[in-house]
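A.B. asks: Take this structure, written in structure tokens, and hold onto it; I'll ask about it next.
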Amino acid sequence: MKVEDVKAYIETGILELYVLGDLSPAEKLQVEEMAEKYPSIKTELAEIERALEAYALENEVEPPTELRNRVLNSLVTTFADDGKFPGREFLENDDDDEADEETPLRDNIVSISTARENNFYKYAFAASMAALIASIAALFSLNSRLNESQQQIASLQTRNQVFANRVNLLDNEVTVFHDPAIKLIKLQGTPKSPASKMMVAWNPVKKKVMIDMRAMNLAKNDQAHQYQLWAIVDGKPVDLGVFDAKADTTDGMHEMKPVANAAAFAVTLEPRGGSVAPTMSEMVVIASI
Amino acid sequence: MSKNRKISLTEEELVLALRNREKIAADALYDMYSSSLFGVISRIITDTATAEDVLQETFIKIWNSFSSYSTEKGRLFTWMVNIARNLSIDKVRSKDFKNQNKNHELENNVTFIDEQRNTVYKPELLGVKDLVEQLKPEQKIILKLVYFKGYTHVEVAEELDVPLGTVKTRLRMAIIQLRKYFN
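Protein chains in written order, with this note's numbering: chain A, 1 to 289; chain B, 1001 to 1183.
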């Protein structure tokens, strides 16, 4: 655009309408673009603005005094941050007595309400933390008590099983002794071990042979040897099985191999696993029927 | 209340303080511009209570929508006076306002206001009133209709029954007369 064209553009009066806000958005944008391009247009706009501002100033009408506080208070409620309030300095500059009294009052209200809010969250947070800690403590306590209870239950179940087994065992023993055919044979110590003795329960009808582990009084055998029970049938020794003599035993009656007709019972100490024929020199107890 | 105790900042300082939403900015804004803006508002709206309400609305709008003002697009006062004028026109043209107020004859209205209120004269502006009065009558009426009645140039053309181009030329001539004095 030539200088004359710019001048002609200015003379259309569009810049005056721009300053007066009397243009469409499109026209407004055009003026702004022109002002950006041509400094003379920008200068012209500035002069129009200054002239109209002075014109308004020359025609100013002072609003009623009480309106000042009303207007400023309506703005005050929308202040973004009360931390930005200038303190003393602002109050000294303020020429209105009413505002002087009102501003610190307003500041007080703001600070109190802020403090109240802060306290609420502070207490709420503290209460939450306390509740959390108490819950965790209760959880740990309950968990340890639960483990304890489970261990007790397991232990009681084991003991219950032990008692049940024991009752079964004693029941069997009682049944054994209630049979009228039962014979209780007391084996006496041989000259080799006079203190030794043991009991054999024999039911010739049922061919059942049992030894009483508790009523046994035999020297404790080592790992290489075991006691072997023999029955003398028709003058010959018959193997009835091996057993260990233990210092303390919870076992009751121990069933051995069956035999129908025995003339005598004897026990010898044999190598572990037993022998085919008894070692007569190692006989510890014997009893004839 | 003495005038020299009012808060006054440079336009640059005021714009910065308004952007930061400082309390002092609101006070300075009111002290520096309430009379100029009220001069425009109270000439468009003759009812005193309504004019005061609109002045309050104007400051609220300036305060709340300040982020939309840019120094690139012109002076702060230009932006503010257009807000004041638009709010005033909206109020005058609203149905409620029309129902409760008789419309005064336009030209009489301006002089009526000036007679009724205490117009503030500044020493440095003495003689300006005379200058404005010396404008050609056809320039003066257009300036007043546009500036103090919120008429668009199209409405002025219809009201005075003159071509649009003529309205624009006369308005420009009137403002050039003002510039001769102020600039």
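Positions of the beta carbon are idealized from the N, C-alpha and C atoms, including for glycine. Fair warning: this is a prediction, and the values are worked out from it, not measured in the lab.
Does chain B have any CB closer than 8 Å to the CB of V71/A?
C.D. replies: Working through the first sequence from its first residue, we reach residue 71/A at position 71. Output row for V71/A: interface = yes.
A.B. asks: Is any beta-carbon of chain B found at less than 8 Å from that of S74/A?
C.D. replies: Indexing the first sequence from 1 puts residue 74/A at position 74. With 8 Å as the cut-off, S74/A counts as an interface residue toward chain B.
A.B. asks: Measure the Cβ-Cβ separation of E1057/B and L1087/B and say whether it is below 8 Å.
C.D. replies: Position 57 of the second sequence, counting from 1, holds the residue named residue 1057/B. Position 87 of the second sequence, counting from 1, holds the residue named residue 1087/B. Going by C-beta atoms, E1057/B is nearer than 8 Å to L1087/B.
A.B. asks: In three-state terms, what does DSSP make of S1065/B?
C.D. replies: Position 65 of the second sequence, counted from the first residue, corresponds to residue 1065/B. S1065/B: coil per DSSP, three-state reduction.
A.B. asks: Within the 8 Å Cβ cut-off, does T1050/B reach chain A?
C.D. replies: Position 50 of the second sequence, counted from the first residue, corresponds to residue 1050/B. Taking Cβ atoms only, chain A never reaches closer than 8 Å to T1050/B, which makes this a no.
A.B. asks: Contact check, V285/A vs L187/A under 8 Å by CB: the rounded distance?
C.D. replies: The residue given as residue 285/A occupies position 285 in the first sequence. The residue given as residue 187/A occupies position 187 in the first sequence. Their Cβ separation, rounded to whole angstroms, is 4 Å, which keeps V285/A and L187/A in contact under 8 Å.
A.B. asks: If we call anything under 8 Å between Cβ atoms a contact, is A266/A one with K207/A?
C.D. replies: Indexing the first sequence from 1 puts residue 266/A at position 266. Indexing the first sequence from 1 puts residue 207/A at position 207. Cβ atoms of A266/A and K207/A: not closer than 8 Å.
A.B. asks: Do we get a CB-CB distance below 8 Å when we pair P39/A with the residues of chain B?
C.D. replies: Counted from its first residue, the first sequence places residue 39/A at position 39. Taking Cβ atoms only, chain B never reaches closer than 8 Å to P39/A, which makes this a no.
A.B. asks: Whole angstroms is fine: what's the gap from S192/A's alpha carbon to G241/A's?
C.D. replies: Counting from one through the first sequence, the residue named residue 192/A turns up at place 192. Counting from one through the first sequence, the residue named residue 241/A turns up at place 241. Strictly speaking, residue 192/A in this sequence is Lys, with Ser absent from that position. Distance between the alpha carbons of K192/A and G241/A is about 22 Å.
A.B. asks: Whose C-beta lies closer than 8 Å to the C-beta of L15/A among residues of the same chain, with five residues either side of it excluded?
C.D. replies: Locating residue 15/A in the first sequence gives position 15, where the first residue counts as 1. So the list reads V31, I41, E44, L45 and I48, once near-sequence residues are dropped.
A.B. asks: Evaluate F1059/B with the Cβ neighbour count: other Cβ atoms within 10 Å of its Cβ, from every protein chain shown; 16 or more gives buried, anything less gives exposed.
C.D. replies: On the second sequence, position 59 is the one that residue 1059/B refers to. Counting Cβ neighbours within 10 Å, F1059/B comes out buried, since at least 16 surround it.
A.B. asks: Taking the continuous alpha helix (DSSP H) assigned at N1086/B, which residues delimit it?
C.D. replies: In the second sequence, residue 1086/B corresponds to position 86, counting from 1. L1076 to R1093 is the span of the alpha helix (DSSP H), which, as asked, contains N1086/B.
A.B. asks: Run through the DSSP bridge pairs and tell me what Y227/A is partnered with.
C.D. replies: What you label residue 227/A is simply residue 227 of the first sequence in a count that begins at 1. DSSP lists F243/A and L269/A as partners of Y227/A.
A.B. asks: For Y1147/B, count neighbouring Cβ atoms within 10 angstroms of its own Cβ and tell me buried if that reaches 16, exposed if not.
C.D. replies: Here residue 1147/B is taken as the residue at index 147 of the second sequence, counted from 1. Looking at its Cβ environment, which holds 16 or more other Cβ atoms inside 10 Å, Y1147/B is buried.
A.B. asks: 8 Å is my cut-off, CB to CB: does R1179/B come that close to chain A?
C.D. replies: Looking up residue 1179/B in the second sequence gives position 179. At least one chain A Cβ lies under 8 Å of R1179/B.
A.B. asks: Hey, M213/A and G274/A: beta-carbon distance below 8 Å or not?
C.D. replies: The residue labelled residue 213/A in the question sits at position 213 within the first sequence. The residue labelled residue 274/A in the question sits at position 274 within the first sequence. Against a cut-off of 8 Å, the Cβ pair of G274/A and M213/A comes out as no contact.
A.B. asks: Taking M198/A as the reference, give the member of E53/A, T158/A, L229/A and E33/A with the closest Cα.
C.D. replies: Within the first sequence, numbered from 1, the residue matching residue 198/A stands at position 198. For the residues E53/A, T158/A, L229/A and E33/A, the minimum Cα distance to M198/A belongs to L229/A.
A.B. asks: Quick check on L23/A: does DSSP put it in helix, strand or coil?
C.D. replies: Position 23 of the first sequence, counting from 1, holds the residue named residue 23/A. Three-state DSSP puts L23/A in coil, outside helix and strand.
A.B. asks: Give a yes or no on whether the minimum CB-CB distance between K1136/B and chain A is below 8 Å.
C.D. replies: Translated into the one-based positions of the second sequence, residue 1136/B becomes position 136. No, K1136/B does not count as interfacial toward chain A.
A.B. asks: In this structure, does DSSP put E255/A in helix, strand or coil?
C.D. replies: Within the first sequence, residue 255/A is the residue found at index 255, counting from 1. It is a strand residue.
A.B. asks: Using the beta-carbon of each residue, which ones in chain B are nearer than 9 Å to A8/A?
C.D. replies: The residue given as residue 8/A occupies position 8 in the first sequence. What A8/A touches in chain B: nothing, since even the nearest Cβ is about 13 Å away.
A.B. asks: If you run the structure through DSSP and keep just helix, strand and coil, what is V205/A?
C.D. replies: The residue given as residue 205/A occupies position 205 in the first sequence. If DSSP states are grouped into helix, strand and coil, V205/A belongs with coil.
A.B. asks: Do A195/A and K220/A come within 8 Å of each other at the CB atom, strictly closer than that value?
C.D. replies: Stepping through the first sequence from its first residue, residue 220/A is reached at position 220. Stepping through the first sequence from its first residue, residue 195/A is reached at position 195. In this structure, A195/A does not lie closer than 8 Å to K220/A by Cβ.
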